[in-house]
Structures are given as structure tokens and as C-alpha cells.
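Here's the structure, in C-alpha cells; my notes come after.
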Amino acid sequence: MAGVYRLQPALQRYAWGMTDVIESLVGCEPSGEPVAEAWWGAHASAPALARVDPHAAAVPLDAVIASDPRAMLGDEHSTRWERLPYLLKVLAIARPLSLQVHPTLDQAHAGYADEDRRGTPMGDPRRTFKDRLHKPEMVVALTPMTLLTGFRPVAAVARDLVTIGTPLTRRWATLLLDAGTEPAVALRDYVAEVLHDPEAAGSIDALIAAGEAPGAPETLAIAAAAARQYPWDPGAFVAVALNVVHLAPREACFTGAGVIHSYQSGLGLEVMVNSDNVVRAGLTPKPIDVDLLIALTDGTPTPPPRVIPHIEGPVARYIAPVEEYALSLVEHGTATFPAGPRIVLTFAGTSRLRTHRQEVELARGEAVFVAAAEGEIEVESTGVAVVVEVPSPTR
4 MAGVYRLQPA
14 LQRYAWGMTD
24 VIESLVGCEP
34 SGEPVAEAWW
44 GAHASAPALA
54 RVDPHAAAVP
64 LDAVIASDPR
74 AMLGDEHSTR
84 WERLPYLLKV
94 LAIARPLSLQ
104 VHPTLDQAHA
114 GYADEDRRGT
124 PMGDPRRTFK
134 DRLHKPEMVV
144 ALTPMTLLTG
154 FRPVAAVARD
164 LVTIGTPLTR
174 RWATLLLDAG
184 TEPAVALRDY
194 VAEVLHDPEA
204 AGSIDALIAA
214 GEAPGAPETL
224 AIAAAAARQY
234 PWDPGAFVAV
244 ALNVVHLAPR
254 EACFTGAGVI
264 HSYQSGLGLE
274 VMVNSDNVVR
284 AGLTPKPIDV
294 DLLIALTDGT
304 PTPPPRVIPH
314 IEGPVARYIA
324 PVEEYALSLV
334 EHGTATFPAG
344 PRIVLTFAGT
354 SRLRTHRQEV
364 ELARGEAVFV
374 AAAEGEIEVE
384 STGVAVVVEV
394 PSPTR
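For the sequence shown, the working numbering assigns the number 4 to the initial residue and increments by one for each residue that follows.
Spelled out as C-alpha cells, the structure:
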């Protein structure tokens, strides 16, 4: 059985995506419509298509892996994960994403079982838990990116609410600063108050005005921009409470379970556990579940955890605090990667991939899945090659 499969990504045409960018990357004819994400992975809802050569029939990658898990994933990973444990995406963000949170592993198991018991079909857009996995994710910027992720200190949020200046936002500020309330509880209660208050939408114009005023804090300016996109949606007040993170190209940020986030703009690589469990509560036309988002949210104010790459010659290795994945960029050089299930994507220039029995050349936008049975691989890049693997405990 061949161990190197060329991949055709699954494209996601969400309204917040850019036009032409992803289609240009993967060599598709531009449709003129937004394309938000390209998925190179094996999630059952949108698997990449795999071929052993350009003339072979395409087979969904999850089916390829299921046909021989030991050869595809390796003995250890096939026993532990049963399927490819990670999912690689390219995000092209022209408009803010929804306010969202991801569950823990236990919450995902319980939520999946509950929706099964209630008979919610897997294809129903109201279904939240599409699998039994958590979804910790890491984004690596390819262009400058702006993110909202994790809660700011209570005092800073209250200060911005006072600046907005309506009776309602001043009342929210007072509630946040209640000396008898722990910050994590106060911020989670604030989210619940904002999203459930029927009068919240009446203060959105004031938020926009405060964010557009000369010298406005960046936090208010970004929340106001989101409010202009969704002028009826109180989720913009949740955005006020979140950290603003600017990533330069090659900088990275990790988002764990329970962390409310909303990516705002830019082009980036995203790698995550192989899951599509997303709970939304605003700034989106998609179905939302405010109560569930609040239940899953960790209100602890904390700086967003950046991931600092380990540089080894031409390789930058991004090691997230998870067991399922690690991402490396190979730029203008050569690197080796141990046996295991790997995806290699050429983002710029060309790449040459060598195993003990074959050699494959990849142009920009082309990707392959390399089975564990192929053993160690060597990746040579004239530009930027992306390699996703399951990290070894010894690395």
C-alpha cells in the first residue's frame, strides 16, 4: 500500500472569508465568493480527498486511514487515537469570526451523548457536538493577524464600559467591580448579563461612537468594528472584555478549552485536535447557544498564551501544550521528521519530500499525507513548508 497520498483540501465558504486568497493558494478557479477555510485533514464532516497519484480515484482521507490504522498512524497512535488526531487549516479572515468557545474532553463526551439521546441529527445545523473530542487550537500568522482571546482584567473592562457612558454600561461596570466577587466569576456573570439583557442592543450605538472617537482605546475600536458588522448583536460588549492580540507573521497563539475568542482579520495556519465542536453566542448568522457558552466558559482573566517557536536552523517548531499535534515551518532548508502520521503542505516556493522508498515534489498549495509506515521523512523547502505531526514525548 502506498504511504504518501496527495491531498485535495475541503474548502469552507463562510461569509467571513476572503475572496480569491485560498483559491489562489490551492489552484482553484476563483468564484468571486468568500472562501474562509481550507481543511487538510480527516474529520468526517469535511475530509480532504486523498490520491496516491494524480490519475487515481480520490478517496476521503478518513476512509484511507480507517482502511489500515496501524500502517497509517503507527502502532502507538492507532491504539491511542484510532483516527488522525489533528486537523490542519488555512484561515483567510476578512470579517470577524463569531464569539465562540470549545469544550473540554469530558464536556465533549457528555454533550455528544446528550445530543444523541435527544435525537439531534448529525447534519442538523443546531447540533453543537459533532464528535466526542475537545478542540484546543493554535494559530500561526502568515500575514499580520488580529485576534480577540481570553478575558482582560476586570478593572480594564469596567473602565471601557464607563467610557461608553450609557446608564446600562455604567451599571455593568459597577457589577464587575463588586469587591466581593472573584474576577473569574464577575467576568462570566458579565457575559451572561450582556447576552441576556434585552436592553443591551440599545447601547450599541454608544459603543460604536466611543470606539470611533479620537484617541479611543483599541479595545473599544475593535469592539465597535464588530458592532458595525452586527449592529443588533450584544456580543460586541463581550468583545470589549477580551484581550486584543496582534500577531506578526510567524507569531503564534494557543486557545484552550473554555476560552472565549473571536479572530478578527488576517491569513493564518490553524492546527487543532480533529474536532468540529464549536459553541457560538454572537457576532454570527450561525446558530447560537448562549447558555451553553456561558456554562463552558472559564472566566479567569489571563494574558493569551503565545507559543514561542523553537528555532533549529531552517526549522521553526511550534509545540502547543497538547499531545495531539505539533506544527513546524521549514523555510529555505532541509529537515527530518520521525515516523508517525504527518501532513506536509507547501505554502510558498516548492518542497521536496523524501522517504526511504520514494520522492515527491510539491508546488505551492500542494499537500500530502505521509503514513507512519513510511518511517522517517526528509523535507527540503525552497520557500515555506508546513509539517504537522504528533509530537514525540522525547522531542
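C-beta atoms are modelled at their ideal positions from N, C-alpha and C, and glycine is treated no differently.
Residue i versus residue j: straight-line alpha-carbon distance, rounded
| i | j | result |
| --- | --- | --- |
| R9 | G126 | 28 angstroms |
| G77 | W84 | 10 angstroms |
| V347 | A370 | 5 angstroms |
| A244 | P234 | 18 angstroms |
| V389 | S34 | 26 angstroms |
| P12 | A41 | 6 angstroms |
| P344 | N277 | 13 angstroms |
| E364 | T107 | 39 angstroms |
| T385 | G44 | 24 angstroms |
| R130 | R86 | 22 angstroms |
| M4 | T123 | With a pLDDT of 49 at M4, under the threshold of 50, the predicted position of this residue should be treated as unreliable, though the coordinate-derived value follows. About 38 angstroms. |
| E26 | Q15 | 11 angstroms |
Where the beta strand (DSSP E) through residue i begins and ends
| i | result |
| --- | --- |
| I96 | Y89 to I96 |
| F340 | A329 to F340 |
| M275 | H264 to V276 |
| Q110 | Segment L108 to R120 is the alpha helix (DSSP H) holding Q110; no beta strand (DSSP E) there. |
| Y8 | V7 to Q11 |
| S354 | S354 to R357 |
Nearest neighbour of residue i, chosen from the options [CA to CA]
| i | options | result |
| --- | --- | --- |
| P307 | I263, I322 and A284 | I263 |
| V391 | A370, L348 and L330 | L330 |
| A228 | E254, S268 and A251 | S268 |
| R355 | A95, V373, E254 and L270 | V373 |
| P317 | V325, T300, H335 and E327 | H335 |
| V247 | H46, P220, H80 and L272 | P220 |
| E326 | A47, P139, A161 and A189 | P139 |
| A438 | L136, H46 and E254 | Outside the shown range of the chain, which is 4 to 398, sits residue 438, and nothing can be said about it. |
| E1 | F350, A338 and Q232 | Residue coverage of the chain in this structure runs from 4 to 398, which leaves residue 1 outside it and unanswerable. |
| T184 | H137, T303, R320 and D294 | T303 |
| R98 | A226, P128 and L332 | A226 |
| H137 | A113, E315 and H105 | H105 |
| D23 | L178, L90, I96 and E215 | I96 |
| V55 | A49, F132 and V7 | V7 |
| S101 | L14, D301, L286 and A69 | L286 |
According to DSSP, residues forming a beta bridge with residue i
| i | result |
| --- | --- |
| M148 | L250 |
| E140 | T258 and M275 |
| Q103 | H264 and R283 |
Residue i: first and last residue of the uninterrupted alpha helix (DSSP H) it sits in
| i | result |
| --- | --- |
| G214 | I207 to E215 |
| A204 | First-last for A204: undefined, no H or E at that position. |
Any chain C beta carbon closer than 7 angstroms to residue i
| i | result |
| --- | --- |
| R231 | The displayed structure is made up of one protein chain only, and chain C is not part of it. |
Evaluate the contact criterion for the stretch 190–205 versus the stretch 247–259: three or more CB pairs, one atom per stretch, below 8 angstroms. In short, these stretches do not touch, since the Cβ pair count stays below three.
Using 8 angstroms as the Cβ pair cut-off and three pairs as the minimum, do the stretch 110–119 and the stretch 142–153 touch? no
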